[in-house]
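Undergrad: Just so you know, we're using the UniProt record's numbering here: the sequence shown kicks off at 1 and counts up by one. Cβ coordinates follow ideal geometry from the N, Cα and C atoms, glycine included.
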Amino acid sequence: MKQFVYRPQIYILIFLVLFSIPSFIYAYLGTSGRVFVDTNGDSVQLRGFGLGGWLVQEGYMWNTSGFYGSTSVIEQKLIELVGDSSAQAFYQNYYSAYVAEEDIAQLAEWGFNSLRLPFHYKFFSSDTGVFINDGFEIIDPLLQWCSTYGIYLILDMHCAPGGQNRNDFSDGNGEEAGLWVHEYNRDWTVSIWKHIADYYSDSQWIGGYDLINEPVLEGGFSSSDLRQFYIEIVDSIRSVDQNHIIFIEGNWYGNDFANLTPPFDDNMSYSFHHYVGPSTQTSWVGQYTSMSESYNVPLWVGEVGENSNHWGHHKIKLFEQHNIGWSWWNYKHNGSISVLMRVEEPDGYNSILKYWNNLGPKPSKVNAENGLQDLVTAYQFENCVSNAGLIAAFNDPNFSIKPTPFADHHIPGSLAVAEYDIGKNGVSYEDEVFEDPDKFGGNSQPWNTGWTYRNDGVDIQRSTDNVGAEYNIGWTNAGDWTGYTLQSDSSGIYTVSVRIASNVSGGRLRLLYNEETIGEVVTIPKTGGWQDWEYVFVGEHYIEQGNGYLQLHVVDVEFNIKDINFVFVGKPQVADERYGNYPNPFTYETTIFLSIPLETNGSLTIYNYKGQLVKRLFNGEFSPGEMEITWKGTNHQYKAAGSGVYIYQLKTDLLTRSGKMLLIK
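#1: Which residues bound the beta strand (DSSP E) around V536?
#2: Taking 6 Å as the limit between beta carbons, can you name the residues of its chain near I592, skipping five residues before and five after?
#3: At the level of alpha carbons, what is the spacing between D431 and D421?
#4: Please specify which runs of the alpha helix (DSSP H), each continuous and at least 4 residues long, are wholly inside the region 100 to 149, giving them in chain order.
#5: In three-state DSSP terms, what is I192?
#6: If N448 sits next to I460, beta carbons under 8 Å apart, how far is it from one beta carbon to the other, in whole angstroms?
#7: When you compare only the Cα positions, how much space is there between E589 and L662?
#8: Is the beta carbon of G150 closer than 9 Å to that of A100?
#9: Could you check what DSSP says for N547 in three-state terms: helix, strand or coil?
#10: Using a 10 Å radius around the Cβ and a threshold of 16 neighbouring Cβ atoms, would you call N560 buried or exposed?
#11: State the Cα-Cα distance for the pair Q637 and E520, rounded to the nearest angstrom.
#12: Please state the DSSP three-state secondary structure of F169.
#13: If you follow the alpha helix (DSSP H) that M291 is in, where does it begin and where does it stop?
#14: Is DSSP giving T652 helix, strand or coil here?
#15: With H, G and I counted as helix, E and B as strand and the rest as coil, what does DSSP make of S428?
#16: Mind the definition here: the region 327 to 336 touches the region 297 to 314 only if three or more C-beta pairs lie below 8 Å; say whether that holds.
#17: With DSSP as the reference, identify every bridge partner of R454, one or two as the case may be.
#18: Which whole runs of the beta strand (DSSP E) in the region 337 to 391 are 3 residues long or more, in chain order?
#19: What is the DSSP secondary structure of S23, reduced to helix, strand or coil?
#20: DSSP on A575, reduced to helix/strand/coil?
#21: For the beta strand (DSSP E) that H409 lies in, which residues bound it at each end?
#22: Can you list, in chain order, the residues of its chain with a C-beta nearer than 6 Å to that of S444? Leave out the 5 residues immediately preceding and following it.
#23: Distance, Cα to Cα, G373 vs W62?
#24: Using the rule of at least 16 other Cβ atoms within 10 Å of the residue's Cβ for burial, across every protein chain shown, is R657 buried or exposed?
#25: From which residue to which residue does the beta strand (DSSP E) around W62 run?
#26: Evaluate contact between the region 561 to 568 and the region 493 to 500, counting only Cβ atoms and requiring at least three cross-stretch pairs below 8 Å.
#27: For V562, count neighbouring C-beta atoms within 10 Å of its own C-beta (all shown protein chains included) and say buried if the count is 16 or more, exposed if not.
#28: Quick check: what's the CA-CA separation for residue 712 versus I206?
#29: Could you tell me which whole alpha helix (DSSP H) segments of length 4 or greater appear in the region 457 to 497?
#30: Look at the Cβ atom of E540, then the Cβ atom of T634, and state whether they are nearer than 9 Å.
#31: Going by the DSSP bridge assignment, what does Y209 pair with across the sheet?
#32: Does DSSP classify residue 668 as helix, strand or coil?
#33: Tell me F272's beta-bridge partners as DSSP assigns them.
#34: Between the Cα of I248 and those of S239, V240 and S223, spot the shortest distance and give me the residue it belongs to.
#35: What does a CB cutoff of less than 6 Å around S70 pick up in its chain, not counting 5 residues either side in sequence?
#36: According to DSSP, is R186 part of a helix, a strand, or is it coil?
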């Protein structure tokens, strides 16, 4: 698995203590009043992820939405492409690759303790009255790993017979929600749940049963009918399993609990889903907490997510303040930045997508099989990229207070600007759009316009430049900034330059090191295109050895930026008898004495004690012999310099000399 330098420390240890203890302590998750508890009666804060896309392939997760949305259609198109035998072989490989023991071990190490498993009814029943064990054969290894590492597995019927809503993720026909239209589908659903519960009745790390995902009732089927249907399922489950929690979702995608109260089981939780609204809005949760208080039952957010780290941090904080369990949607899928484990979509699979979308030729059977195998490989744990920012958003109490390094930056060297520190908007970066409060609505917008690499408001894209970093920051606006914790390996003067590209002129940026401006505000030239890259000199700066903090500020107009280069110039040296200045201290001007042994090119430069450039007195060819150059105590704008310590530096092809001067006014 690809990871970055971010290392959760104390807060991870806390979560490990809380959530990674031996299985005998947590055996059978239950409810007690408004909280979830283990068999010792100790409260359990459910914190986890949904395994979306594993047993239910959704079009938007596979980047097939718009042409093939539902899991059955995707399967049929794969069969048409490579044949039934190859398609089924692909699915078996995909199921094994999506989640393995390494995934579960890592989740536990990060401090998470639950998974929501969306499944399709077809894994357990091929027809009414006909039950199969395919689902058990796939799930059982996962359940064993969950038992080993202390993870609760909550089963979610994501696709019910006939479809519980008209959306493609329910795998219905799209014209009606057949679960509510045809009674035989409901009877079939009841029997499937009994089949599942009978098999898992004594499985201690099954966290419970999420009966129906996001129901949307059809006309003629009321919320009272929904309640009665739920009761029928619960009765069938309780006839074989009295151990596990029943999770009940409301109508209209899980959020309308009209006529679903009071509770109808002693071991039950109400489960809602949450995707919309700004991160700062909190009053909405009262409709659910009041229900929890009135009926003394716990709450679980079965799905929350599809948003930025900033948004997720505040939402999870709100839930945990109210003892609400949660499951972030989603754990892993290709093309998303908001998942915990990012899957890099391979070129071979992308060629299949282009064909399906009428943007490319049909791949040969062999090429299509290879493309699908590439997708399997991409889903393997070691090939996924963990979302360090999301982990910190959920686990690090300092996420909203102070930045944490994303990468191990050392200078001298090149710093990739997309590797800014971890933290919420206003802490590690500043951007006008940093979340999507209108998710799925008419005003929905991406928080990262480039939709790659990081799940923050910073707009990032993959660069075509063959020099330096792989990603660049773009779509910049005045007021944007990013911050970087870095380590200087040597004290001394550094020259600083930035690698930029712009199709317009007039952009400006400022670099600050430990709150001191490096050089001056830099004007960005028009380079010829948004991916036509060149270096622009920022300035020279004296930097002490040790930790420091760099900020990149966008002052004006749009430009792309990719790298910041720090080149070590040299250390100030103590002058010998052939070098010096007189008078020293001085009040108006001082003369610097130089001895040049041979003809050479070089410069004589004045810096203040912070290493900031004050004035370049000479830049060109030195003749051999003794020289005297006078500094009249002014900067490069011919304005009087203030009192203080200054450093002159002689730098030539042959030698470097420096000395201290004291200006007193």
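TA: Here's the rundown:
#1: G529 to I543
#2: N581, I629 and Y648
#3: 14 Å
#4: 101 to 109 and 134 to 149
#5: helix
#6: 6 Å
#7: 11 Å
#8: no
#9: strand
#10: buried
#11: 12 Å
#12: helix
#13: G286 to Y295
#14: strand
#15: coil
#16: yes
#17: In the DSSP output, where bridge partners are listed per residue, R454 has none listed.
#18: 341 to 343
#19: Any reading at S23 needs caution, since the residue's pLDDT is 37, under 50, leaving its predicted position unreliable; the model's value is listed next. Here S23 sits in helix by DSSP.
#20: At A575, the pLDDT of 40 sits below 50, so the modelled position is not reliable; the number obtained from the coordinates is stated separately. Correct three-state label for A575: coil.
#21: H409 to I411
#22: D436 and D438
#23: In the sequence as presented, Gly is not what sits at residue 373; that position holds Gln. For Q373 and W62, the distance between alpha carbons rounds to 14 Å.
#24: buried
#25: It is not in any beta strand (DSSP E) - W62 carries neither H nor E in the DSSP assignment.
#26: yes
#27: Reading the sequence as shown, one finds Lys at residue 562 and not Val. Under this definition K562 is a buried residue.
#28: With the chain represented from 1 up to 665, any question about residue 712 goes unanswered, as that position is not in the structure.
#29: none
#30: no
#31: L155 and I246
#32: Outside the shown range of the chain (1 to 665) lies residue 668, about which nothing can therefore be said.
#33: V301
#34: S223
#35: D168 and D171
#36: helix
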